[in-house]
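Chains as they are written, first to last, in my numbering: chain A, 1435 to 1741; chain B, 1435 to 1741. Beneath this line is the structure, given in structure tokens, with notes to follow.
What follows is the structure, given as structure tokens:
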């Protein structure tokens, strides 16, 4: 593996229970790093850093091992601790959800460490967690060429200064439109992204769910619609954002490019990955798609979204 | 003028008073047909059908005459009647507005007639009004090759059956996402568009404002983002939808094509026209742009929205 282009992801490995208006999935494999790795590994090798408890089901571990080029050297199993678990319920329109429970388990304890063998990674994606933890993980990858972080509303509220510090250390940030508005006070996604650049990153990706995403970069902007999916194509939206990030980062890793043009194409690959994820529970949508399925979906998206 | 490709628009010619958080425009030229014609005439000749009162300011008439290839033969001036007037106020985020007053004036009386010389028009755009009036105007253009209608929430509420009848007579409909949801009960724009095709049209364009538009066609779908505009680029959103429709229809008129591929490119021309409209009050944004400005904006949009 050539280290400058190798892709590292840090984030949660979890056990999800998901209810939708028409179906239910009980204790399936989830978590930001699992979804990210499932998508990214379709395009490029991935190094995963995360921690689970000793209750982590053997089936879920086999599922991660079976994803393909995902190096699990950084997956720590902590004895006497519980794996992160989350339960959520989607409302009728599939765009709103309520969290039924969050059992932090091992995520509430000390964060994982980046193994020495991963310290030479080139591209780093920091899945959503406390920004001080993200910064600590980032420091363990000193030779990185591109670091991108996810975040959420909670940290804007309770760890604003740590988040601002993190923004000064990363090259890019990925966040929802409501989070971008919350962080900057700008409702317009492009204005919000522009403000975020003021904190230090070279670019911000503002995700708008069914309305696509906006990339605000020092060198210009790019907009991408979501894949045109009818409501009955959506089985479970969980993980759409994480697989978007996985497709996005993996396209950069495999091309070895991080310029605006490459980032723009990466947005489309993120969109394609997310379109598979929402079509099934857990990692099934993106993990089961063949390389030919991915290529065909990309071409279909390019045709639908041609301007 | 070759009649099969000639473009007719029916709609209001009005006097608008617009307040935004930072400026105010008093009794400027507006109305759906005026905005449509200002945009469409940048790409193709337009035949305008509408009616004003004898209070219609000479300046506004000169403005219409100065738009370029707009044939005003169908602009009736009704003696003793008042021109349609509208007043609106945009709230801080420029995405919400309240109507301050609507003086229907001449629009409450008998609708205009299509002049005999316009009866051979090929493409017809029916600006928003009572669907029975739209149907009556459409009947006066018997050799049309493509008819597209705009509508609004009011008619879905008070003239539902007439609207459904109109949908059985037109080839396409252009409406907002909230209107499409209201008409069909489907919140998802593509699902809503698909439902609308069940009423008869070949296609539906569902406009999502700052999130772009979706085209649902018997032969497939297309999605287009909005032009990436920061909030401070938006001077006055009035007429954005009408100029979108003008750019859309005029691209079809000038190419003589109405297939899915042409409709998809037409969406982008609509987007480009709307991006000029929001940058100034009244017709100024789209009317003052040079042909070179239009081409440059189109290329810029294609670069921003490349997938």
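Beta carbons: idealized from backbone N, C-alpha and C, even for Gly.
query: Short CB-CB distance (under 9 Å) between residue 1610 (chain A) and chain B; result: no
query: Delimiting residues of the beta strand (DSSP E) encompassing residue 1483 (chain A); result: 1480-1487
query: is_contact[residue 1436 (chain B), chain A] using C-beta, thresh 9 Å; result: With a pLDDT of 48 at residue 1436 (chain B), under the threshold of 50, the predicted position of this residue should be treated as unreliable, and no value is reported.
query: Contact residues within the stretch 1696-1717 of chain B, judged by C-beta distance below 9 Å to chain A; result: 1698, 1699, 1701, 1702, 1705
query: CB contact check: residue 1648 (chain A) to chain B, cutoff 9 Å; result: yes
query: When A:1664, A:1666, A:1647 are compared against residue 1657 (chain A), the one with the closest alpha-carbon; result: A:1647
query: Within chain B, the residues that residue 1658 (chain A) reaches when beta carbons sit closer than 8 Å; result: 1659, 1739, 1741
query: Own chain residues within Cβ distance below 8 Å of residue 1528 (chain A), not counting five before or after; result: 1454, 1455, 1665, 1668, 1671
query: Backbone CA spacing between residue 1512 (chain A) and residue 1489 (chain A) [nearest angstrom]; result: 9 Å
query: Inter-residue spacing [alpha-carbon to alpha-carbon] between residue 1531 (chain B) and residue 1642 (chain B); result: 16 Å
query: Inter-residue spacing [alpha-carbon to alpha-carbon] between residue 1524 (chain A) and residue 1533 (chain B); result: 36 Å
query: 7 Å CB neighbourhood of residue 1567 (chain A) in its chain, flanking five on each side removed; result: 1545
query: Residue 1485 (chain B) and residue 1510 (chain B) closer than 9 Å at C-beta; result: yes
query: Cβ-Cβ distance between residue 1587 (chain B) and residue 1564 (chain B) below 9 Å; result: no
query: Counterpart residues of residue 1560 (chain B) in DSSP-defined beta bridges; result: B:1444, B:1583
query: Contacting residues, own chain, Cβ-Cβ under 7 Å from residue 1435 (chain B) (five flanking each side not counted); result: Residue placement at residue 1435 (chain B) cannot be trusted, given a pLDDT of 45 that sits under 50; the coordinates are not used to answer.
query: DSSP three-state assignment for residue 1532 (chain B), whether helix, strand or coil; result: strand
query: Secondary structure, alpha helix (DSSP H): runs of 4+ residues fully inside the stretch 1601-1669 of chain B; result: 1611-1618, 1623-1631
query: Exposed unless 16 or more other CB atoms sit within 10 angstroms - verdict on residue 1611 (chain A); result: buried
query: Candidates B:1660, B:1603, B:1473: closest to residue 1644 (chain B) by CA position; result: B:1660
query: Residue 1733 (chain B) in three-state terms, based on DSSP; result: helix
query: Rounded C-alpha distance that separates residue 1729 (chain A) from residue 1736 (chain A); result: 11 Å
query: C-beta neighbour in chain B for residue 1412 (chain A), strict 9 Å; result: Because chain A spans 1435 through 1741 in this model, residue 1412 (chain A) falls outside it and cannot be assessed.
query: Residue 1448 (chain A) classed as buried or exposed, judged by whether at least 16 other C-beta atoms fall within 10 angstroms; result: buried
query: Those residues which DSSP pairs with residue 1524 (chain A) across a bridge; result: A:1531
query: Endpoints, beta strand (DSSP E) assigned at residue 1505 (chain B); result: 1504-1512
query: Contact test: residue 1607 (chain B) Cβ vs the ligand SAM heavy atom, cutoff 8 Å; result: No copy of the ligand SAM occurs in the structure displayed, which carries no ligand at all.
query: Cross-strand partners of residue 1451 (chain A) (DSSP beta bridge); result: A:1521
query: Close-in-space but distant-in-sequence residues of the same chain around residue 1713 (chain A) (CB under 7 Å, 5 per side omitted); result: 1667, 1669, 1719
query: Neighbour flag for residue 1663 (chain A) against chain B, beta carbons, 9 Å; result: yes
query: Minimum Cβ-Cβ distance from residue 1624 (chain B) to chain A less than 9 Å; result: yes
query: 9 Å Cβ cutoff, residue 1666 (chain A) in contact with chain B; result: yes
query: Cβ neighbour criterion (16 or more within 10 Å) applied to residue 1475 (chain B); result: buried
query: Buried or exposed (CB count within 10 angstroms, at least 16 for buried), residue 1499 (chain B); result: exposed
query: Contact residues within the stretch 1567-1580 of chain B, judged by C-beta distance below 9 Å to chain A; result: none
query: Neighbouring residues, chain B, relative to residue 1736 (chain A) (Cβ below 8 Å); result: 1741
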